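In our numbering, the protein residues as written are 31 to 172.
Where is the CB? At the ideal position from N, CA and C, for every residue including glycine.
For clarity, every value in this text was computed on a predicted model and none was experimentally measured.
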């Protein structure tokens, strides 16, 4: 989770909303990323999606079975959907997102029994540090 925070800090430096993500499997870092929505002018370039794309490209397989995705912010609907489609079995996140969180706050796509895949979810890991990055970023922008 510490590496995800580093990626979030890098996003902030680059003028992006400071969200970072990493994917680990069998103790090995598969991919890391941060928000690139501004840089790429792409509303789908969220940290989690960027990281999933990098991990699947590295593996040459769209399935991320056996992997854990760590992210500094509770995944939104887009990111949660990508995690379900990529078969990510475990998701760990820092700060809850009361405006868009779909891993327990507004809804829970990651554990919806109607879908073909569900993930184990661990919330609140390094939540204060993750939330502080976001609060500082938006305070400066306002």
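According to the neighbour-count rule (16 or more other Cβ atoms, all chains shown, within 10 Å of its Cβ), is residue 41 buried or exposed? As a first step, residue 41 is located in the chain shown; it is residue number 11 there, counting from the start. Looking at its Cβ environment, which holds 16 or more other Cβ atoms inside 10 Å, residue 41 is buried.
Going by alpha carbons, who is nearest to residue 83 out of 153, 61, 149? Here residue 83 is taken as the residue at index 53 of the chain shown, counted from 1. The candidate whose alpha carbon is nearest that of residue 83 is 61.
In whole angstroms, give me the CA-to-CA distance for residue 90 and residue 123. Position 60 of the chain shown holds residue 90. Position 93 of the chain shown holds residue 123. As the crow flies, the alpha-carbon of residue 90 is around 26 Å from that of residue 123.
What first and last residue would you give for the beta strand (DSSP E) that runs through residue 114? As a working note, residue 114 is residue 84 in the chain shown. Premise fails: residue 114 lies in the alpha helix (DSSP H), 107 to 115, not in any beta strand (DSSP E).
Determine the contact status of residue 126 and residue 87, defining contact as a CB-CB distance below 9 Å. Indexing the chain shown from 1 puts residue 126 at position 96. Indexing the chain shown from 1 puts residue 87 at position 57. Between residue 126 and residue 87, the CB-CB gap reaches or exceeds 9 Å.
Residue 184, buried or exposed, once every other Cβ within 10 Å from all chains shown has been counted against 16: In this structure the chain extends from 31 to 172, so residue 184 is not present and cannot be described.
Can you have a look at residue 43 and say buried or exposed, based on whether 16 or more other CB atoms are within 10 angstroms of its CB? Within the chain shown, the letter at position 13 stands for residue 43. Exposed, by the Cβ-count rule.
Residue nearest to residue 20 in terms of C-alpha spacing, selected from 111, 165, 128: Any property of residue 20 remains undetermined from this structure, which presents the chain solely from 31 to 172.
So residue 76 packs on residue 67, CB below 8 Å; how close in whole Å? Taking the first residue of the chain shown as 1, we reach residue 76 at position 46. Taking the first residue of the chain shown as 1, we reach residue 67 at position 37. Right, their Cβ atoms sit about 7 Å apart.
Beta strand (DSSP E) containing residue 206: first to last residue? Since the first residue of the chain shown is 31 and the last is 172, residue 206 is not available in this structure.
According to the neighbour-count rule (16 or more other Cβ atoms, all chains shown, within 10 Å of its Cβ), is residue 150 buried or exposed? Position 120 of the chain shown, counted from the start, is the residue given in the question as residue 150. Residue environment: residue 150 is assigned as exposed (fewer than 16 neighbouring CB atoms within 10 Å of its CB, all protein chains considered).
Between the Cα of residue 139 and the Cα atoms of 113, 164, 162, which residue gives the shortest distance? The count along the chain shown starts at 1 and reaches residue 139 at position 109. Measuring C-alpha to C-alpha distances from residue 139 to each of 113, 164, 162 identifies 113 as the nearest.
Note down the Cα distance separating residue 98 from residue 78, rounded to an integer number of angstroms. Within the chain shown, numbered from 1, the residue matching residue 98 stands at position 68. Within the chain shown, numbered from 1, the residue matching residue 78 stands at position 48. CA-CA distance, residue 98 to residue 78, rounds to 12 Å.
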